[in-house]
Amino acid sequence: MADQLARSRLSKALPKGMELSHFTVLNHLARVGEERSPAQLAQAFHVTRGAMTNTLNKLEWAGHVHIRPDWDDARRKMVSISPAGRQARDAAIAAVSPIIQEVVADIGADKVRAALPVLRALRQRLGEPG
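The numbering of the sequence shown is our numbering, which starts it at 313 and goes up by one.
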């Protein structure tokens, strides 16, 4: 329930036309700082390759990512964030930051900090193959 409420609130704050899935992919690419294949991105986000392809097609159409053939394996593609994608990601962060700051202030920074290791452990454990 907390996940659904957070997604709903953050989605409403994102810049017009940006979906939460777009933001998370742009944020991931900006943070890793190097190209990723669509399959790597799908695995990182625990979604199907088809779902990731759909998201990447929308991001490419908006000019937020560059998709090129893999020079070592012509069957694969490689994805990188574009300068416009970095600007869109920065705008999204600016839009959601006040919401996150408000929630942290209401709950208390110490409580949020204490919850993070538990949430990371849950994510890691639930992400393991069953």
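Even glycine gets a Cβ: it sits at the ideal position worked out from N, Cα and C. Note that the coordinates shown come from a computational prediction; the quantities given were computed from them, not determined experimentally.
Selected residue, minimal CA-CA separation from residue i, among the options
i: Arg387; options: Pro350, Lys370, Leu338; result: Pro350
i: Gly375; options: Glu414, Leu434, Ala406, Ala396; result: Ala396
i: Gln399; options: Gln352, Leu371, Glu440, Arg437; result: Leu371
i: Leu438; options: Gly420, Ser394, Phe357, Gln413; result: Phe357
i: Asn366; options: Asp385, His334, Ser394; result: His334
Residue i versus residue j - alpha carbon distance
i: Glu347; j: Met313; result: 33 Å
i: Gly345; j: Leu368; result: 17 Å
i: Val430; j: Lys423; result: 11 Å
i: Gln436; j: Asp385; result: 30 Å
Beta-carbon contacts of residue i that lie in its chain and below 7 Å, excluding the five residues immediately before and after
i: Arg321; result: Ile411
i: Arg380; result: Lys389, Met390
i: Arg319; result: Leu332
Cβ neighbours of residue i in the same chain (closer than 6 Å, five flanking residues each side left out)
i: Arg401; result: Leu338, Asn339, Ala342
i: Ala354; result: Arg361, Met364
C-beta contact flag for residue i and residue j at 7 Å
i: Val359; j: Val377; result: no
i: Leu326; j: Ala404; result: yes
i: Leu317; j: Ser323; result: no
Close-in-space but distant-in-sequence residues of the same chain around residue i (CB under 8 Å, 5 per side omitted)
i: Asp382; result: Ser349, Arg388, Lys389, Met390
Just to confirm the assignment: which complete beta strand (DSSP E) runs, minimum length 3, are found wholly within the region 346-407? 377-381, 389-393
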